[in-house]
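K.L.:
For reference, each letter of the sequence shown is one residue, going 92 to 172 in the numbering used here.
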Amino acid sequence: AASDVYKRQISSIGKKAFLGCKKLRIITLKTIKLTTKAVGKQAFRGIAAKATIKVPKKKWNAYKKWLKNKGIGKKVKIKKL
Numbered sequence: 092a093a094s095d096v097y098k099r100q101i102s103s104i105g106k107k108a109f110l111g112c113k114k115l116r117i118i119t120l121k122t123i124k125l126t127t128k129a130v131g132k133q134a135f136r137g138i139a140a141k142a143t144i145k146v147p148k149k150k151w152n153a154y155k156k157w158l159k160n161k162g163i164g165k166k167v168k169i170k171k172l
């Protein structure tokens, strides 16, 4: 049911999940299970230039480090949840 959906956490994001989504301005990643190998190389390429990606506070350093290699632009902000 609906409550079960919130209990599951995403463990991967496909190669071109958000490729070319120019109107995508805010992405919230609540999961702490993502790794650099679990996210496709071009997963975030082509999102809005001034987009914001919100990540869990305890994974902020790790996510910030490798998200830049997944296609986000220089103006994309990575914020703590």
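Built from N, CA and C at the ideal position, the CB exists for glycine as well.
Consult DSSP for Thr127 and reduce its assignment to one of helix, strand or coil.
P.N.:
Note: Thr127 maps to helix in three-state DSSP.
K.L.:
Where does Lys166 sit, in a helix, a strand or coil, going by DSSP?
P.N.:
In the structure shown, Lys166 sits in coil (DSSP, three-state: anything other than H, G, I, E or B).
K.L.:
Note the first and the last residue of the continuous alpha helix (DSSP H) segment covering Lys156.
P.N.:
It spans Trp151 to Leu158 - the alpha helix (DSSP H) in which Lys156 sits, taken as one unbroken run.
K.L.:
Report all residues from its chain with a CB closer than 8 angstroms to the CB of Lys148; omit the five preceding and five following residues, and keep chain order.
P.N.:
If we look at Lys148 and ignore the five residues flanking it on each side, its Cβ neighbours are Lys171 and Leu172.
K.L.:
Residues in the same chain with beta-carbon distance under 6 angstroms from Phe135, minus the five sequence neighbours each way, listed in chain order, please.
P.N.:
Result list for Phe135: Phe109, Lys161, Gly162 and Ile163, in chain order.
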